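Novice: Protein chains in written order, with our numbering: chain A, 1 to 361; chain B, 1001 to 1725.
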């Protein structure tokens, strides 16, 4: 268990800057999820922490010690690769034991630790098999087991669930959470899947184009996104953005007008109005009107994609509403949940005074 | 006279085989035209054959109806052909014409009381000298040594010069000193090969002193080196045959007969080879064939052949023609031919060369005492000419073969009924039809395998149960194998022993494969380095040694290993080291072979390893690095095990290739010193083609090689099966 600190970390491949000045502190025992779209630099950042890449600038510290020049094998980190990277010529047991053998762990301890990890991950019956004789989920567990047996100070996960089918992913997500609770070690987890990120994370770090956008507890980020990117990235389906203008206590755009919550003090300016689908619903009367473009029925509820005069909007509906593509509908909004972002740079505009420090540590 | 013959000849078609080229062929054609003009009813069809294949082709064709009526060949094989009645005796012709020919040529054509062939041309060596350096050729060996010493050193350009250059390590040349010291190859009476004689010892000591003490002869003088040195004026004298003159345009040279050996007062007499026109015993037009042979030996044809083809003709009258008698080269070689000893024409002569060459090499190369070298050569020769073993009854072998065959049939039939008996009748019929069709599809390939693999294999195995000598095969059962495995004629540690050769072969195979894999893998790892630029260029360059035909590479390395002129010696000298005589010690000769074969062998392993390396995912190395593996541990635990499935078959293949790598052994070390670096397959070759045609023995060697490799491949198959990829 150790904290990991990144200070001003830069990394470029040729002219292509991938990580552009990241400062991030990961507390001991925390499960930090690095999330962002493909190419945002999150995997590179993880490999920088592992030592598989060298930072161009900045400091990477583990347990307070700068490790930039330390080779991966001396950083005492465990890593689970997206492809699992199991040694194909070794049995599961040998795969698990490899790191311990290299560290010349005594035989008895080695056996005990392999058995422990195998039991934890339900791999005991598979120990004598080779990776190619395992299913995807089993391979995934072996890859985790290989990191666990060594009891490293920091675990690094590089999109470990992305090669699994949806059901297995949900199951493994649960197992990962239990694992974290049992081991209580520092874990850094990279994913592009915001659902995975939201469900797993102690804290979440959202990246875009090599720049850290916001760090915090998942719900805090969901409720208080620092900018339009974070707001749009977290939540499913994504938040809808409509251009408008704040005038006094009203924000209005083409074909819509919302009253700002009571007590909001916002200067007159051009904004983007952020509306979560969950805050919008199909109604007989509403602030927005438009034509249905697509319908997603999930059973008890569903989402409808509507083209309004101001732009596309996603709204939730309940039950088996009588909707069809091409119908004209009205959408009612819960004005209390709308969020505003500056039209110029996308930063969030506070509608009420900042709350007491909620994003703990 | 030819008109008389013409009257007697019925219309006939003759076939004439020869191995002449260029001017000699032209002279022959003109002679034939003259013959045809004089004998209108006779047509002669002449066929030029490649020299290397000529003898074996003749041996095969003479007993059939497709052979030639007349052929021109050197006299050395008369004994074998006469015994097998392949050629017709020409006693009557020689009795009549004999005095017209140079006397030594007549001796050459006699065998067991009869004479065969009419002599056409004489080939022996004589002394060439550079007229710029040597105004008057030496008359005695003392003069020769003094002149040679005077011209050994360095020329104005600093290049080394030698007094004398000839193919020192070839017994063909050594024979001239042997005769000059009063020795001979055969002991008479009894006509027994005898090489360990005091005269031979003195002749060897004389040559050893020239080479090792006076250093007037370049080391390892191949024919190309002799020619190059003499042409460049770096060799004042050379011993060579009339053919050498063709290479000397632009050189002011003279030819003289060989000197008198000062120690004995006898002239140095080279071996004489007589090219004669032979008449096949099966010719369907014997009268016409004899007439053609007579015509070819006549003065008319001889003048043509001498003037046009520059042959040293055997017909004395030809030298009356000023164009022939006035040719200094022809005149000198004629005189030399009169002072020459015809090579023995009995089959026993074939056992002379290899042991005698080995003795020569041991003395002038390795500094072995002449007496010791000759004694060993004599033992070797006796082993080669051992009497035909007792004929064995073939019955036990037929019975054993029958039993094995029956067992195989029963086994095969059982398997077949098993596979066919399952399933309902209808599908069985369908399967039978399918099988028939499948057999039809593989039939062409099956026929190819039958003809190219199975038949030679069975013949080879069969041959190993026979003893061959002088065209006769005797069934001897397992005798060959018992002699080989029992090593009855040699101690186990002698190069001729099977076990010694096997040990050398194993050492050769293991060290080669280890180097090939080591270097190949190392280079593959380097080539995979992502930081390396120009990878494609390096890869192509490194594969080049593999792409060059291996005998060319072998000859290049052989040249580089030359002690005086080789690139390696120059390199050693540049570093202030003493050049090495590579082929005089086992370790260095073996190393020379090894270096050459490694040069040839590593690219294959590199290509295999490179392909296999590229299929190892990079993230395995990253995982291993995070797991704590150093570079060495990554190589040991990741690279090597993952390369194994690709590398193991390559290693098995490579070791079989190396085990049977004939070219390198034969061309680079040639088995030197004393056959110590020969491997099993080159020994098999020598038994068949260099040692008295011991075909049965050679076949037995091949069978043993086959059995050994069969065992090896079974073993490796087991190994690779227990550890699947």
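Every residue, glycine too, gets a C-beta built ideally from N, C-alpha and C.
Given the structure is predicted, the values throughout are model-derived calculations rather than measurements.
1) Name the chain A residues whose beta carbon is nearer than 7 angstroms to that of residue 1633 of chain B?
2) Between residue 162 of chain A and chain B, is any beta-carbon pair separated by less than 8 angstroms?
3) Report the residue from B:1357, B:1396, B:1323 whose alpha carbon sits nearest the alpha carbon of residue 1220 of chain B.
4) Spatial neighbours of residue 337 of chain A within its chain, please: CB distance less than 7 angstroms, with the 5 preceding and 5 following residues excluded, ordered by chain position.
5) Kindly say whether residue 1489 of chain B, judged by its beta-carbon, lies nearer than 8 angstroms to any beta-carbon of chain A.
6) At a Cβ cut of 8 angstroms, what residues of the region 94 to 126 of chain A count as close to chain B, listed as they run along the chain?
7) DSSP on residue 38 of chain A, reduced to helix/strand/coil?
8) Indicate whether residue 1031 of chain B and residue 1288 of chain B have their beta-carbon atoms separated by less than 8 angstroms.
9) What does a CB cutoff of less than 8 angstroms around residue 1385 of chain B pick up in its chain, not counting 5 residues either side in sequence?
10) What are the boundary residues of the beta strand (DSSP E) that includes residue 259 of chain A?
11) Assuming residue 42 of chain A and residue 190 of chain A are in contact, meaning their beta carbons sit under 8 angstroms apart, how far apart are those beta carbons, in whole angstroms?
12) If I measure Cβ to Cβ from residue 87 of chain A and keep anything under 8 angstroms in the same chain, skipping five residues before and after, which residues do I get?
13) Given a cut-off of 8 angstroms on the beta-carbon distance, is the pair residue 1583 of chain B and residue 1365 of chain B in contact?
14) Given a cut-off of 8 angstroms on the beta-carbon distance, is the pair residue 1025 of chain B and residue 1053 of chain B in contact?
15) Would you decide whether residue 1285 of chain B is buried or exposed? Buried here means 16 or more other CB atoms lie within 10 Å of its CB.
16) Which value, in whole angstroms, describes the spacing of the CA atoms of residue 1342 of chain B and residue 1383 of chain B?
17) Pop quiz: residue 1279 of chain B and residue 1070 of chain B are said to be a contact at Cβ under 8 angstroms. What is the actual Cβ separation, rounded to whole angstroms?
18) Do residue 1523 of chain B and residue 1541 of chain B have their C-beta atoms within less than 8 angstroms of each other?
19) Output, in chain order, the set of chain A residues within a Cβ distance shorter than 9 angstroms of residue 1384 of chain B.
20) Who are the Cβ neighbours of residue 1655 of chain B in its own chain at under 6 angstroms, not counting the five residues just before and after it?
21) Starting from the beta carbon of residue 1628 of chain B, find every residue of chain A whose beta carbon is closer than 7 angstroms, and list them in chain order.
22) What does DSSP give as the partner residues of residue 1110 of chain B in its beta bridges?
23) My understanding is that residue 1079 of chain B touches residue 1111 of chain B, with C-beta atoms under 8 angstroms, so please give their C-beta distance in whole angstroms.
24) Consider the Cβ of residue 361 of chain A: report whether some Cβ of chain B lies at a distance smaller than 8 angstroms.
25) Quick check: what's the CA-CA separation for residue 1406 of chain B versus residue 1587 of chain B?
26) Compute the beta-carbon to beta-carbon distance between residue 266 of chain A and residue 230 of chain A, rounded to the nearest angstrom, for a pair I have assumed lies under 8 angstroms.
27) So residue 1373 of chain B packs on residue 1388 of chain B, CB below 8 angstroms; how close in whole Å?
28) Please decide whether residue 54 of chain A counts as near chain B, where near means a Cβ-Cβ distance under 8 angstroms.
29) Rounding to the nearest angstrom, what Cα-Cα distance links residue 1076 of chain B and residue 1452 of chain B in this structure?
30) At least one CB of chain E closer than 8 angstroms to the CB of residue 344 of chain A: is that the case?
31) Determine the extent of the beta strand (DSSP E) in which residue 240 of chain A is found, giving its start and end residues.
32) Please list the residues of the region 1600 to 1630 of chain B that have a C-beta atom closer than 8 angstroms to any C-beta atom in chain A, keeping them in chain order.
33) What in chain A is Cβ-close to residue 1456 of chain B, meaning under 8 angstroms?
34) Within the 8 angstroms Cβ cut-off, does residue 12 of chain A reach chain B?
35) Would you please verify whether the beta carbon of residue 1642 of chain B is less than 8 angstroms from any beta carbon of chain A?
36) Could you please give me the residues that DSSP links to residue 347 of chain A through a beta bridge?
Specialist: Based on what the coordinates show:
1) As a working note, residue 1633 of chain B is residue 633 in the second chain. Neighbours of residue 1633 of chain B across chain A, judged by C-beta separation under 7 angstroms: 102.
2) The sequence position of residue 162 of chain A within the first chain is 162, counting from 1. So no, residue 162 of chain A is outside the interface.
3) Position 220 of the second chain, counting from 1, holds the residue named residue 1220 of chain B. The option with the nearest alpha carbon to residue 1220 of chain B is B:1357.
4) The count along the first chain starts at 1 and reaches residue 337 of chain A at position 337. In its chain, beyond the 5 residues on either side, 276, 279 have a beta carbon closer than 7 angstroms to the beta carbon of residue 337 of chain A.
5) Start at 1 with the first residue of the second chain, and residue 1489 of chain B comes out as number 489. So, not an interface residue.
6) Going along the region 94 to 126 of chain A in chain order, one finds 98, 99, 102, 103 with a Cβ nearer than 8 angstroms to chain B.
7) Stepping through the first chain from its first residue, residue 38 of chain A is reached at position 38. Coil.
8) Counted from its first residue, the second chain places residue 1031 of chain B at position 31. Counted from its first residue, the second chain places residue 1288 of chain B at position 288. No. Outside cutoff.
9) Along the second chain, one-based indexing puts residue 1385 of chain B at 385. So the qualifying residues of the chain are 1193, 1348, 1351, 1692.
10) Position 259 of the first chain holds residue 259 of chain A. Unbroken beta strand (DSSP E) run through residue 259 of chain A: 256 to 259.
11) Start at 1 with the first residue of the first chain, and residue 42 of chain A comes out as number 42. Start at 1 with the first residue of the first chain, and residue 190 of chain A comes out as number 190. The pair is a contact, with the Cβ atoms about 5 angstroms apart (cut-off 8 angstroms).
12) Taking the first chain and counting its residues from 1, one reaches residue 87 of chain A at position 87. The residues are 94, 95, 98, 131.
13) For the purposes of this step, residue 1583 of chain B is taken as the residue at position 583 of the second chain. For the purposes of this step, residue 1365 of chain B is taken as the residue at position 365 of the second chain. The beta carbons of residue 1583 of chain B and residue 1365 of chain B sit closer together than 8 angstroms.
14) For the purposes of this step, residue 1025 of chain B is taken as residue 25 along the second chain, with counting starting at 1. For the purposes of this step, residue 1053 of chain B is taken as residue 53 along the second chain, with counting starting at 1. No; because the gap between Cβ atoms is not below 8 angstroms, this pair is not in contact.
15) As a working note, residue 1285 of chain B is residue 285 in the second chain. Sixteen is the threshold: when 16 or more other Cβ atoms of the shown chains lie within 10 Å of the Cβ of residue 1285 of chain B, as they do, the residue is buried.
16) Locating residue 1342 of chain B in the second chain gives position 342, where the first residue counts as 1. Locating residue 1383 of chain B in the second chain gives position 383, where the first residue counts as 1. Taking the straight line from one Cα to the other gives about 25 angstroms.
17) The residue you call residue 1279 of chain B lines up with position 279 of the second chain. The residue you call residue 1070 of chain B lines up with position 70 of the second chain. Indeed they touch by this definition, with Cβ atoms about 6 angstroms apart.
18) One-based indexing of the second chain puts residue 1523 of chain B at position 523. One-based indexing of the second chain puts residue 1541 of chain B at position 541. Residue 1541 of chain B is positioned such that its CB atom lies no closer than 8 angstroms to that of residue 1523 of chain B.
19) In the second chain, residue 1384 of chain B corresponds to position 384, counting from 1. Per Cβ cutoff of 9 angstroms: no residues; residue 1384 of chain B is ~54 angstroms from chain A at best.
20) For the purposes of this step, residue 1655 of chain B is identified with residue 655 of the second chain, where counting begins at 1. Counting only Cβ-Cβ distances below 6 angstroms, and skipping sequence neighbours, we find 1509, 1513.
21) Here residue 1628 of chain B corresponds to residue number 628 of the second chain, with the count starting at 1. Going along chain A in sequence order, the residues near residue 1628 of chain B (Cβ under 7 angstroms) are 73, 99, 102, 103.
22) Residue 1110 of chain B sits at position 110 when you count from the first residue of the second chain. Per DSSP, B:1115.
23) Walking along the second chain from the start, residue 1079 of chain B turns up at place 79. Walking along the second chain from the start, residue 1111 of chain B turns up at place 111. About 5 angstroms; that satisfies the 8 angstroms criterion.
24) Position 361 of the first chain, counted from the start, is the residue given in the question as residue 361 of chain A. With a pLDDT of only 37 at residue 361 of chain A, under 50, the local geometry of the prediction cannot be trusted, and the value read off the model is given with reservation. Residue 361 of chain A does not count as touching chain B.
25) The residue you call residue 1406 of chain B lines up with position 406 of the second chain. The residue you call residue 1587 of chain B lines up with position 587 of the second chain. So the alpha carbons of these two residues sit roughly 50 angstroms apart.
26) Mapped onto the first chain, residue 266 of chain A falls at position 266. Mapped onto the first chain, residue 230 of chain A falls at position 230. Under the criterion of beta carbons closer than 8 angstroms, residue 266 of chain A and residue 230 of chain A do not qualify as touching, at roughly 20 angstroms.
27) Residue 1373 of chain B sits at position 373 when you count from the first residue of the second chain. Residue 1388 of chain B sits at position 388 when you count from the first residue of the second chain. So it is not a contact: roughly 28 angstroms between Cβ atoms.
28) For the purposes of this step, residue 54 of chain A is taken as the residue at position 54 of the first chain. Answer no: the Cβ-Cβ gap between residue 54 of chain A and chain B never drops below 8 angstroms.
29) Locating residue 1076 of chain B in the second chain gives position 76, counting from the first residue. Locating residue 1452 of chain B in the second chain gives position 452, counting from the first residue. CA-CA distance, residue 1076 of chain B to residue 1452 of chain B, rounds to 33 angstroms.
30) Annotation note: the requested chain E is absent from the structure, which comprises protein chains A and B.
31) Translated into positions along the first chain, residue 240 of chain A becomes position 240. It spans 240 to 247 - the beta strand (DSSP E) in which residue 240 of chain A sits, taken as one unbroken run.
32) For the region 1600 to 1630 of chain B, which is checked against every Cβ of chain A, the residues closer than 8 angstroms are 1617, 1619, 1620, 1622, 1623, 1624, 1625, 1626, 1627, 1628, 1629, 1630.
33) Stepping through the second chain from its first residue, residue 1456 of chain B is reached at position 456. Residues of chain A with a Cβ closer than 8 angstroms to the Cβ of residue 1456 of chain B do not exist; the shortest Cβ-Cβ separation is about 42 angstroms.
34) Within the first chain, numbered from 1, the residue matching residue 12 of chain A stands at position 12. Residue 12 of chain A does not count as touching chain B.
35) Residue 1642 of chain B sits at position 642 when you count from the first residue of the second chain. Under the 8 angstroms criterion on CB atoms, residue 1642 of chain B is classed as interfacial with respect to chain A.
36) On the first chain, position 347 is the one that residue 347 of chain A refers to. Residue 347 of chain A is bridged by DSSP to A:227.
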